[in-house]
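Contents: one structure, followed by commentary.
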Amino acid sequence: MTVLDKILDLRSDTTTRPTEEMREAMRNAEVGDVVLRDDPTVEKLEKMGAELFGKEACLFTATGTMSNQTAVLSMTGKGEQIIVHEHAHIYNLELSALAQICGVQARPVATVDGRYDLDHLRENIISASIQNPPTTLVCMENSFNLNKGLAVDKAHIDEVCKIAHSHDIPVYMDGARILNAALALEIPVKELCENVDAVSVCLTKGLACPIGSLLAGSKETIEKARRMRQMLGGGWRQAGIVAAAGIVALNNIDSLKADHEKAEILAKGLKDLGFGIDMNQVQTNIINVDLTPLNMESEEFCALLAEKNIKAKNIGKTNVRMICHKDIEFEDLDTVLDTLKEILQ
Ligand SMILES: *Cc1c(COP(=O)(O)O)cnc(C)c1O
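Okay, structure coming up:
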């Protein structure tokens, strides 16, 4: 059986390597000191980020996790309550930083495909009383669920914002892959985020940056966020070196479209081979593959693929995740499908 020379890593769109253009930009980056506010490359990236999201200001942080926690620290106070999707990254996959670092109480609320039931949302917004900590932030995530990548539409986001704002509560959007969501919805990301008070994006997901995330919001929120980032150890001096890659990334956002096309092709191929695929849920670059129709379990499946230099992510007993990105070429999709055919024989 054939074994590829190249490793096709479908585990995540974070596995991409920086492009030559990025490496060149990083090499030539003009830098200063971020804490002293004189790194021109970081300042430029932050300006681009603010424009991209249509917000007053923007902050360059190291990771999506740092953006999330910086945002919560900037928008809440200790002991307050914040509403999160029960399956949200910020609540499940950040080492209880909401409790440990922000000192807030997360109030997980059920969602269907990243959408709150609006009545349920209203019921979960609590006013301060002798016994109740007040709800002071509503969090959302788009694309929703790192194992599905579902695009949450503007109409729903706007409804959530309207409810939150009617209680004078801001809305924070964890937009690690919001550029994917905006492309899938065919709407400028600025418009999609029009009513949220702050939004983040990962430059490392699909966009090929080695490091970095952006947090955009009002001038006031971002000024506070700058101090919170510092507190978290994010006063990262000559960060212009990495911001230079971010600038290249923001100039290439449309490249993500190809990843969605690849995911659709791969998902259809997988479905034809008998894997359980819900095509309605293949909306961006992420495919959630159910192995039960083929009587396989993920551990065994991932191991068989790995032997062929193809990597998929085990996300449960019978489910794996595959993500398309720039380092998976269109022609690699045939290789993946042919290899799977061999395995299934
Ligand atoms: C990846 C991700 C994060 C965290 O980003 P890191 O850069 O890995 O810290 C946060 N939220 C969502 C929805 C993500 O997919």
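In my numbering, the protein residues as written are 1 to 345.
For glycine and all other residues, C-beta sits at the position ideal for the given N, C-alpha and C.
Note that this is a predicted model, so its numbers are computed, not measured.
Query raised in the report: Between the beta-carbon of residue 335 and the beta-carbon of residue 8, is there less than 8 Å?
Result: Taking the sequence shown and counting its residues from 1, one reaches residue 335 at position 335. Taking the sequence shown and counting its residues from 1, one reaches residue 8 at position 8. The answer is yes: Cβ separation under 8 Å.
Query - Top-ranked residue by Cα proximity to residue 341, from 80, 233 and 301 - result: Numbered from 1 along the sequence shown, position 341 holds the residue referred to as residue 341. Checked all of 80, 233 and 301; the closest Cα to residue 341 is 301.
Report task. Might you give, ordered along the chain, the residues of its own chain that have their beta carbon closer than 7 Å to the beta carbon of residue 262, omitting 5 neighbours on each side? Result -> Here residue 262 is taken as the residue at index 262 of the sequence shown, counted from 1. Answer for residue 262: 324, 328, 330 and 333, listed in chain order.
Query raised in the report: Buried or exposed: where does residue 162 fall if 16 or more other Cβ atoms within 10 Å of its Cβ makes it buried?
Result: As a first step, residue 162 must be located in the sequence shown, where it is residue number 162. Under this definition residue 162 is an exposed residue.
Requested in this report: Tell me whether residue 129 sits in a helix, a strand or coil according to DSSP, three-state version.
Outcome: On the sequence shown, position 129 is the one that residue 129 refers to. The answer is coil: DSSP assigns residue 129 none of H, G, I, E or B.
Query - Reduced DSSP secondary structure (H/G/I, E/B, other) of residue 309 - result: As a position in the sequence shown, residue 309 is number 309, starting the count at 1. Residue 309 falls in the coil class under three-state DSSP.
Query raised in the report: Apart from the five residues on each side of it in sequence, which residues of its chain come closer than 6 Å, Cβ to Cβ, to residue 165?
Result: Here residue 165 is taken as the residue at index 165 of the sequence shown, counted from 1. Taken in chain order, the list of residues that qualify is empty.
Query raised in the report: What is the DSSP secondary structure of residue 1, counted as helix, strand or coil?
Result: Within the sequence shown, residue 1 is the residue found at index 1, counting from 1. Residue placement at residue 1 cannot be trusted, given a pLDDT of 49 that sits under 50; what the coordinates show is reported in the next sentence. The answer is coil: DSSP assigns residue 1 none of H, G, I, E or B.
Query - C-beta atoms of residue 266 and residue 287 nearer than 8 Å - result: The residue given as residue 266 occupies position 266 in the sequence shown. The residue given as residue 287 occupies position 287 in the sequence shown. Yes, the Cβ-Cβ distance between residue 266 and residue 287 is below 8 Å.
Report task. Whole angstroms is fine: what's the gap from residue 192's alpha carbon to residue 173's? Result -> Within the sequence shown, residue 192 is the residue found at index 192, counting from 1. Within the sequence shown, residue 173 is the residue found at index 173, counting from 1. If I take the Cα positions, the gap works out to 11 Å.
Requested in this report: Identify which residue in 311, 214 and 291 has its Cα closest to the Cα of residue 62.
Outcome: Taking the first residue of the sequence shown as position 1, residue 62 is located at position 62. Considering only alpha carbons, the answer is 214.
Query raised in the report: Is residue 271 closer than 8 Å to residue 298 when the C-beta atoms are compared?
Result: What you label residue 298 is simply residue 298 of the sequence shown in a count that begins at 1. What you label residue 271 is simply residue 271 of the sequence shown in a count that begins at 1. No, the Cβ-Cβ distance between residue 298 and residue 271 is not below 8 Å.
Requested in this report: State yes or no: is the C-beta of residue 89 nearer than 7 Å to some heavy atom of ligand 1?
Outcome: Looking up residue 89 in the sequence shown gives position 89. Residue 89 Cβ: within cutoff of ligand 1.
Query raised in the report: Hey, residue 134 and residue 220 are a contact pair by Cβ (cut 8 Å); roughly how many whole angstroms apart?
Result: Position 134 of the sequence shown, counting from 1, holds the residue named residue 134. Position 220 of the sequence shown, counting from 1, holds the residue named residue 220. That pair is no contact at about 20 Å.
Query - Limits of the alpha helix (DSSP H) - the one that residue 246 falls within - result: Here residue 246 is taken as the residue at index 246 of the sequence shown, counted from 1. 240-250 is the extent of the alpha helix (DSSP H) around residue 246.
Query - Supposed close pair residue 177, residue 15 - CB separation, criterion 8 Å - result: As a working note, residue 177 is residue 177 in the sequence shown. As a working note, residue 15 is residue 15 in the sequence shown. Rounded, the Cβ-Cβ distance is 14 Å, inconsistent with contact.
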